[in-house]
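Engineer: I'd like to ask some things about the structure below.
In the working numbering, the protein residues as written are 12 to 162.
The following block contains the structure:
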């Protein structure tokens, strides 16, 4: 698997991010959607990677610095043709390894509480993420679940 940092100009990456944004907006109530669009992912506090196998885009993920040793996962997405093949685990492994290189000792994530987000919640639990209270700018919200992992 090859990872490329940034790469927003790649049409395949751009399309995957647009699809991610539109889909998450469609399944989350107004006021409870925290997905970033491409311009949001270009913020200097965020590192973004696209992941490739045999020149095919398999997914992407981002890491936002909340402070010098606390990061948040953002925009984790598996390309449709690679779903249910363990790619989500590979993306999370990649993001955890990058976080360690960047000396991040705590990772957090916000995801939805609805059925649509159940696979994501199961995946984070599999990696040892524990339910937590809201972090950073998040507030208690029945439509959100918060998780944290100490590295």
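All C-beta atoms in this analysis are idealised placements derived from N, C-alpha and C, irrespective of residue type, glycine included.
What span of residues does the beta strand (DSSP E) with residue 219 cover, start to end?
Structural biologist: Because the chain in this structure spans residues 12 to 162, residue 219 falls outside the shown range and cannot be described.
Engineer: Only counting runs of 4 or more residues, tell me where the alpha helix (DSSP H) segments fall wholly within the region 95-138, in order along the chain.
Structural biologist: Entirely contained in the region 95-138, the alpha helix (DSSP H) runs reaching 4 residues are, in chain order, 98-112, 129-137.
Engineer: Buried or exposed for residue 41, going by 16 or more other Cβ atoms inside 10 Å?
Structural biologist: Classification for residue 41: exposed.
Engineer: Quick one: using the 10 Å Cβ neighbour count with 16 as the cut-off for buried, is residue 19 buried or exposed?
Structural biologist: It counts as exposed.
Engineer: If you draw a straight line from the alpha carbon of residue 128 to that of residue 25, how long is it in whole angstroms?
Structural biologist: Distance between the alpha carbons of residue 128 and residue 25: 22 Å.
Engineer: Please state whether the Cβ-Cβ distance between residue 102 and residue 72 is less than 8 Å.
Structural biologist: It is a contact, given that the beta carbons lie within the stated cut-off.
Engineer: Near residue 45, which residues of its chain fall below 7 Å by C-beta distance, leaving aside the five closest residues on each side in sequence?
Structural biologist: Contacts found: 121.
Engineer: Kindly indicate which three-state DSSP category residue 50 falls into: helix, strand or coil?
Structural biologist: Here residue 50 sits in helix by DSSP.
Engineer: Note down the Cα distance separating residue 59 from residue 43, rounded to an integer number of angstroms.
Structural biologist: When rounded, the distance between both Cα atoms is 23 Å.
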